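**Q** Numbering-wise, the working numbering puts 239 at position 233 of the sequence shown, and it's gapless, one number per residue.
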Amino acid sequence: MTPSSPDRADQLIVPVDLGDRSYEIAIGPGLLRDAGKLIGAHLPRKKTAIVTDHNVAEAHLADLLASLEAEQIEAAVLQLPAGESTKSQAHLFEVTDFLLEAGIERNDVIVAFGGGVIGDLAGFAAAILRRGVNFIQVPTSLLAQVDSSVGGKTGINASAGKNLIGAFHQPLLVLADTAVLDSLPERQLKAGYAEVAKYGLLGDAGFFSWLEDNSTSLFAGDMQARMRAVETSCRAKAAIVAEDEREGSVRALLNLGHTFGHALEAVTGYSDQLLHGEGVAIGMAMAYRFSERMGVCKAGCADRAAQHLRSVGLPTHVRDVPGEPLEAQSLLTAMYQDKKATGGKLVFILARDIGDTYVAHDVSPDDVLAFLEDELAAA
7 MTPSSPDRAD QLIVPVDLGD RSYEIAIGPG LLRDAGKLIG AHLPRKKTAI VTDHNVAEAH
67 LADLLASLEA EQIEAAVLQL PAGESTKSQA HLFEVTDFLL EAGIERNDVI VAFGGGVIGD
127 LAGFAAAILR RGVNFIQVPT SLLAQVDSSV GGKTGINASA GKNLIGAFHQ PLLVLADTAV
187 LDSLPERQLK AGYAEVAKYG LLGDAGFFSW LEDNSTSLFA GDMQARMRAV ETSCRAKAAI
247 VAEDEREGSV RALLNLGHTF GHALEAVTGY SDQLLHGEGV AIGMAMAYRF SERMGVCKAG
307 CADRAAQHLR SVGLPTHVRD VPGEPLEAQS LLTAMYQDKK ATGGKLVFIL ARDIGDTYVA
367 HDVSPDDVLA FLEDELAAA
């Protein structure tokens with residue numbers, strides 16, 4: 007694994023141990039200034055292609071290009087619309103056509119510069135272009151920095167469900183510049199925080215307690231708090247990915263709240279009506295309530311989890327989803343398109359306690375439907 011960065015006191019390095027496909031996650035403010043050197047260390051020639059969205063380009067593209075230009079690296083740039091709808095087949099082929107027209111060869115490196123949508127889309131394009139081209143993740147949202155940029159899951163959405171078309175394709179490097187989080191709209195920052203809280207809820211009660219005490223500082227811009235949150239999240243994910251890269255067992259735990267959340271995203275059309283992190287927040291709160299209802303979770307955990315998510319301004323209930331009332335059967339039908347579903351049966355991540363979750367393969371759809379009906383009735 008090539009050393010990824012110069013020595014900096016304000017930078018943290020998290021390794022992802024995958025043998026000859028190992029890489030590093032660099033975390034800290036100002037990494038965009040070093041991007042030319044860091045990316046350049048992985049380029050076989052001084053040429054790359056950047057895939058980004060219009061919002062990220064307006065805020066940060068000039069800094070990235072200046073850093074690359076300082077290293078005399080030529081960069082072609084494609085800007086796409088921001089938003090979940092960009093994770094589509096049409097935009098995937100737009101990206102691959104752009105990369106081919108830019109002369110990107112099998113040994114070249116693509117840069118995914120944006121949030122989770124761009125990272126997933128550009129990563130998938132890299133996976134299929136010329137049967138596999140390397141790429142580097144430069145995540146610009148909190149959600150992408152703590153979750154989607156790490157672990158090699160890439161893909162696009164289908165009409166049947168979220169992330170159903172994709173590939174495992176690990177990046178060469180992840181550069182998480184925590185200073186760029188200052189430019190995020192408040193709603194996007196909160197949505198990303200749901201994935202931070204997930205790491206505490208699924209396997210680290212101490213981290214969840216720390217978040218309860220320090221979330222205010224994190225949202226206020228405390229850089230040390232943000233770096234700790236990103237680092238802890240990335241270390242947790244890196245450890246799980248190293249153990250189970252292709253989600254054969256423990257990696258499924260990273261989907262805490264996602265079975266409910268993805269169903270909510272599907273029935274709301276993958277639109278700004280419900281951001282991914284908002285769906286995850288509702289889904290995690292529902293997973294804890296469902297776990298208590300099934301008698302497997304310690305009483306009071308669901309209230310504690312939901313209270314913390316609400317305290318930072320995240321939704322925790324189906325009634326928090328704007329728009330027309332949802333239907334229980336529609337949600338249940340959407341869940342059957344969940345990637346964890348096995349043998350036509352639903353697979354859920356359930357909780358025993360804060361920081362103690364497990365994969366459940368024996369959940370009755372009748373129990374799920376009854377729970378959904380009660381959740382909707384409470385709305």
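Virtual Cβ for every residue (Gly too), placed ideally from N, Cα, C.
From a predicted model like this one, the values you see are computed outputs, not experimental measurements.
#1: My assumption, with CB atoms under 8 Å, is that Tyr29 sits in contact with Leu179. Please give the rounded CB distance.
#2: Are His268 and Gly167 close, meaning C-beta to C-beta below 8 Å?
#3: Reducing DSSP to helix, strand and coil, say where Ser10 ends up.
#4: To the nearest angstrom, report how far apart Tyr276 and Val286 are at their CA atoms.
#5: What are the complete beta strand (DSSP E) segments, minimum 3 residues, inside the segment 87–163?
#6: My output table needs one value for Gly349: the three-state DSSP class, helix, strand or coil.
#7: Where do the N-terminal and C-terminal ends of the alpha helix (DSSP H) with Lys204 fall, by residue?
#8: Nearest to Glu101 by CA position, among Ile79, Glu77, Asn113, Asp126, is which residue?
#9: Out of curiosity, what's the CA-to-CA distance linking Ala82 and Val247?
#10: According to the neighbour-count rule (16 or more other Cβ atoms, all chains shown, within 10 Å of its Cβ), is Phe99 buried or exposed?
#11: Using 8 Å as the cut-off, can you tell me whether the segment 108–116 makes contact with the segment 152–162, which would need three or more C-beta pairs spanning the two stretches below that distance?
#12: Give me the residue from Cys240, Met300, Ala131, Met229 with the minimum Cα distance to Val369.
#13: Could you spell out the range, first to last residue, of the beta strand (DSSP E) harbouring Ala366?
#14: Quick check on the burial criterion: 16 or more other C-beta atoms within 10 angstroms. Buried or exposed for Pro87?
#15: Can you tell me whether Lys93 is buried or exposed? The criterion is at least 16 other CB atoms within 10 Å of its CB, across all chains shown.
#16: Kindly list the residues whose CB is nearer than 8 Å to the CB of Gln279, restricted to its own chain and excluding five residues on each side of it in sequence; keep chain order.
#17: Given a cut-off of 8 Å, decide if Thr238 and Pro35 are closer than it, judged by their beta-carbon atoms.
**A** Reading off the structure:
#1: 6 Å
#2: Yes, they are a contact pair.
#3: Residue placement at Ser10 is flagged as unreliable, the pLDDT there being 46, under the threshold of 50; the coordinate-derived value follows with that caveat. DSSP places Ser10 in coil when its eight states are reduced to three.
#4: Between the C-alpha atoms of Tyr276 and Val286 there is a straight-line separation of about 13 Å.
#5: 115–120, 140–145
#6: coil
#7: Per DSSP, Lys204 is one residue of the alpha helix (DSSP H) stretching across 192–209.
#8: The question names Glu, yet the displayed sequence has Val at residue 101. Measuring from the Cα of Val101, the nearest candidate turns out to be Asp126.
#9: Distance between the alpha carbons of Ala82 and Val247 is about 32 Å.
#10: exposed
#11: No contact exists between the segment 108–116 and the segment 152–162.
#12: Met300
#13: 362–366
#14: By the neighbour-count rule (16 or more Cβ atoms within 10 Å), Pro87 is not buried but exposed.
#15: buried
#16: Val327, Pro328, Gly329
#17: no
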